[in-house]
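S.K.: Once you've had a glance at the structure underneath, I'll fire off some questions.
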Amino acid sequence: MHRLAWLLLAACVAACSGKPTPLANDAYVWQRQWTPALVRALSDDGRSVREWRVLAGEMDAQGQWRLFAPDWRALAASGKPVVAVVRIEGQLQHWDEATLLADVRAVLALWRQQKIAFAGVEIDHDCATSRLAAYAHFLQSLHPSLLPREKLSITALPTWMGSPGLDKLLAQADETVLQVHAVQSPRAGLFDPAVARAWLDAFARHTRKPWRVALPAYGTRVSWDQDGRVVAIESERPMLLGDQRSNELFADPQTMQRFVASLEQDAPDHLAGIVWFRLPTGDDVRAWSEASWQAVLARAPLRASLAVVAVATDDPRRYDVLLRNEGDADLPLPPSIRVDGGCMAADGINGYGLQHDGRGQSLLRTRMGVLHAGRQLTVGWLRCEVAPGLRIGS
């Protein structure tokens, strides 16, 4: 048998065997401030991470340029390759290409001077499809500035796949990261596995270069005004808001784990890995817990265990209602908690309200929320003659 025939046979056997394709984990370090918690996360959570993609600079919608100062020692100590990410606000309508090139080249020069494993630069520019030609020209001008072992990476949006300018844009980069989270209206949620898979399959038809997919490891709070307009999106830290309606959008670790498993079982052509957004820290109130983060990256089974208990107080007739996450999977707050037995008075707090119906009393969830692994949350109180029975409802 000819050598070519052997190769074709081997390829067929590999394709038909169903053997999973391991996808490497990268992580975005998107924090503007390098706190002790971030440095600890970089050290503790790097076991399953191949490469860090670190926010290095940003140009806002007004064309103002800002640099960020990472902890060089922490990056060097991690021993991981580091990509400097330059974010260009998508709403920026026009730029001075020469000035922007000079800004990015200055980032390259600065990062090359550090004692890190510098791997290149990523441009994150969520521009409109009408701007793809200008964006491609900028990348074409930037690419010669990179050294032979440095790569030029870009992020891409699913909305670009309808543009005839996409293929020319992708040709200018060594690698692309397709973002499939937080790219639709907040009312559509943070991540939809079925929609994301369709986007990945469509994107694979546009490139033969290695590419990665950006997946979420966080939640966010979206607030609307009385007219239904989005007025605020909270990320790492809470914001001081008024009485606007709000909802928590959340990337469920179990959902993401199943999605990754499906990708590794049937990977789109040339998909090389995952870039997780973003590295969780103890300061980040809406990122995954460390337990969920480590399990998903290690492809280890997640254990979901949510319990509700009535805890006695100093008042012999008053009980606090606590939800406890006793597993390692961050979980959405349950829709309802049924109270078994008559209680003289009750109320809900922290996203729960009291409801009476023909079956008795329940604490109903009034807004979406998340309970991290190993945490507990007081969601109500009861005044009863004896300790009530509590059940989590759907």
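Okay, so the sequence shown: first residue is 310 according to the working numbering, each after it adds one. Think of the CB as a built atom: it goes at the ideal place given N, C-alpha and C, for glycine as much as any other residue.
Pick from Thr516, Glu459, Arg349, Gly683: whose alpha carbon is nearest that of Phe427?
M.R.: Within the sequence shown, the letter at position 118 stands for residue 427. Looking at the Cα atoms, Glu459 is the closest of the given residues.
S.K.: Would you give the residue range spanned by the beta strand (DSSP E) that Thr687 belongs to?
M.R.: Start at 1 with the first residue of the sequence shown, and residue 687 comes out as number 378. From DSSP, the beta strand (DSSP E) with Thr687 extends over 685-692.
S.K.: Can you tell me whether Trp339 is helix, strand or coil according to DSSP?
M.R.: For the purposes of this step, residue 339 is taken as the residue at position 30 of the sequence shown. Coil.
S.K.: May I ask which residues mark the beginning and end of the alpha helix (DSSP H) holding Pro562?
M.R.: Here residue 562 is taken as the residue at index 253 of the sequence shown, counted from 1. Its alpha helix (DSSP H) spans residues 562-574.
S.K.: Apart from the five residues on each side of it in sequence, which residues of its chain come closer than 7 Å, Cβ to Cβ, to Val413?
M.R.: Residue mapping note: residue 413 aligns to position 104 of the sequence shown, counting from 1. The answer, listed in chain order, is Val395, Val430, Leu451.
S.K.: How many Å lie between Gln664 and Trp690 at the Cα?
M.R.: Residue numbering aside, residue 664 sits at position 355 when the sequence shown is read from its first letter. Residue numbering aside, residue 690 sits at position 381 when the sequence shown is read from its first letter. Approximately 13 Å between the Cα atoms of the pair.
S.K.: For Leu479, which three-state DSSP category applies?
M.R.: Working through the sequence shown from its first residue, we reach residue 479 at position 170. Here Leu479 sits in helix by DSSP.
S.K.: Sorted by chain position, which residues of the same chain lie with C-beta nearer than 6 Å to Arg700's C-beta, five sequence neighbours on each side aside?
M.R.: Within the sequence shown, residue 700 is the residue found at index 391, counting from 1. Answer for Arg700: Arg647, listed in chain order.
S.K.: Mind the definition here: the region 368-378 touches the region 395-405 only if three or more C-beta pairs lie below 8 Å; say whether that holds.
M.R.: A contact exists between the region 368-378 and the region 395-405.
S.K.: Less than 8 Å separating the beta-carbons of Gly582 and Ala613?
M.R.: One-based indexing of the sequence shown puts residue 582 at position 273. One-based indexing of the sequence shown puts residue 613 at position 304. No; because the gap between Cβ atoms is not below 8 Å, this pair is not in contact.
S.K.: Buried or exposed, going by whether 16 or more other CB atoms sit within 10 Å of the CB of Ala323?
M.R.: By 1-based counting over the sequence shown, the position of residue 323 is 14. Per-residue confidence for Ala323 stands at a pLDDT of 43, beneath the threshold of 50, marking its modelled position as unreliable; the derived number appears in the next sentence. Ala323 comes out exposed.
S.K.: Out of curiosity, what's the CA-to-CA distance linking Ala570 and Thr408?
M.R.: By 1-based counting over the sequence shown, the position of residue 570 is 261. By 1-based counting over the sequence shown, the position of residue 408 is 99. If you take the alpha carbons of Ala570 and Thr408, they lie about 44 Å apart.
S.K.: Quick one: what's got a C-beta closer than 6 Å to Gly662's C-beta in the same chain, skipping five residues either side?
M.R.: Within the sequence shown, residue 662 is the residue found at index 353, counting from 1. Leu673, Thr675, listed in sequence order.
S.K.: Enumerate in chain order the residues of its own chain whose CB-to-CB distance from Thr464 is below 6 Å, with the five nearest sequence positions on each side excluded.
M.R.: On the sequence shown, position 155 is the one that residue 464 refers to. Around Thr464: Asp433, Val486, Gln488.
S.K.: Can you check which of these residues, Pro641, Ala442, His579, is closest to Ser598 by C-alpha distance?
M.R.: Here residue 598 is taken as the residue at index 289 of the sequence shown, counted from 1. Nearest of Pro641, Ala442, His579 to Ser598, Cα basis: Pro641.
S.K.: Could you say if the region 334-348 and the region 555-563 meet the contact criterion of at least three C-beta pairs nearer than 8 Å?
M.R.: The region 334-348, when compared against the region 555-563, does not touch it at the 8 Å Cβ threshold.
S.K.: Considering only the alpha carbon of each residue, which of Leu466, Lys424, Leu419, Pro453 lies closest to Leu441?
M.R.: The count along the sequence shown starts at 1 and reaches residue 441 at position 132. Among Leu466, Lys424, Leu419, Pro453, the Cα nearest to that of Leu441 is on Leu466.
S.K.: Please report the distance separating the alpha-carbon of Arg546 from that of Arg356.
M.R.: Working through the sequence shown from its first residue, we reach residue 546 at position 237. Working through the sequence shown from its first residue, we reach residue 356 at position 47. Its pLDDT being 48, under 50, Arg546 is placed unreliably in this model, and the value from its coordinates should be taken loosely. Their Cα atoms are separated by approximately 26 Å.
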